[in-house]
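Let me begin by presenting the structure, written as structure tokens, before commenting on it.
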Amino acid sequence: MLKRILKINELLKRQLGQLFLKEIEFPKGVLVTITRVETSPDFREAIVSISAMPNSENKKVQQILKYCIYDLQQEINKKLRMRPIPKIIFREEKEVVEAAKIEELLEKIKDDDD
Numbered sequence: 030m031l032k033r034i035l036k037i038n039e040l041l042k043r044q045l046g047q048l049f050l051k052e053i054e055f056p057k058g059v060l061v062t063i064t065r066v067e068t069s070p071d072f073r074e075a076i077v078s079i080s081a082m083p084n085s086e087n088k089k090v091q092q093i094l095k096y097c098i099y100d101l102q103q104e105i106n107k108k109l110r111m112r113p114i115p116k117i118i119f120r121e122e123k124e125v126v127e128a129a130k131i132e133e134l135l136e137k138i139k140d141d142d143d
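Those letters in the sequence shown? Residues 30 to 143, per my numbering, in order.
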């Protein structure tokens, strides 16, 4: 069962990545990344963690995805040949933001030592 969940996670990540490129227009200069997909054991929902660079655009990206979720879900429903098809839920990736803050602090310490 674990192998199946991992395969579904990777498949959803790939399919959503392609849809992001073709179907959604994000603000100019914003890089949107799917960091991970976590499908529930019953395959009813999949939490998709999204990271946007620069971080100040995270809210705007989440609003765009919220607006487009129906169309994205419909495209996923057409492309996947499985039942049930997981309901897509987008979440902001918190760990990437925290890692960026830590990286920035380490750079400051390094600069202060020099």
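Just so you know, even glycine gets a beta-carbon here, dropped at the ideal spot from N, CA and C. Just so we're clear, the structure is a prediction, and the values are computed from it rather than from any experiment.
> With Glu-86 and Val-59 assumed to form a contact (beta carbons below 8 Å), what rounded beta-carbon distance in angstroms separates them?
Replying inline: That pair is a contact at about 5 Å.
> What span of residues does the alpha helix (DSSP H) with Ile-53 cover, start to end?
Replying inline: For Ile-53, no alpha helix (DSSP H) encloses it, and the DSSP letter there is neither H nor E.
> Considering Val-90, what are the terminal residues of the alpha helix (DSSP H) in which it resides?
Replying inline: Note, Val-90: alpha helix (DSSP H), 87 to 108.
>> Considering Cα atoms alone, identify which of Leu-109, Glu-122, Glu-67, Val-77 is closest to Pro-83.
In response: Minimum Cα distance to Pro-83 is reached at Glu-122.
>> I need the straight-line Cα distance from Lys-116 to Ala-128, nearest angstrom please.
In response: Cα atoms of Lys-116 and Ala-128: separation of roughly 28 Å, rounded to the nearest angstrom.
> Ordered along the chain, which non-local residues of its own chain (more than five positions away) have a Cβ less than 8 Å from that of Ile-118?
Replying inline: Hits under 8 Å: Glu-74, Ala-75, Ile-76, Val-77.
> Contact between the segment 103 to 116 and the segment 63 to 74: three or more CB pairs below 8 Å?
Replying inline: The segment 103 to 116 is in contact with the segment 63 to 74.
> In its own chain, which residues sit with a C-beta less than 8 Å from the C-beta of Met-30, not counting the 5 before and 5 after it?
Replying inline: Excluding its 5 nearest sequence neighbours in each direction, Met-30 has C-beta neighbours in its own chain below 8 Å: Pro-70, listed in chain order.
> Around the Cβ of Leu-134, are there at least 16 other Cβ atoms within 10 angstroms (buried) or fewer (exposed)?
Replying inline: Here Leu-134 is exposed: its Cβ has fewer than 16 other Cβ atoms, across all protein chains shown, within 10 Å.
> DSSP on Glu-74, reduced to helix/strand/coil?
Replying inline: In this structure, Glu-74 counts as strand in the three-state DSSP scheme.
>> Report the CB separation of Ile-105 from Val-90 in whole angstroms; it is logged as a contact under 8 Å.
In response: Contact doesn't hold; Cβ gap of about 19 Å is too wide.
> Helix, strand or coil: how does DSSP classify Arg-33 here?
Replying inline: Arg-33 falls in the helix class under three-state DSSP.
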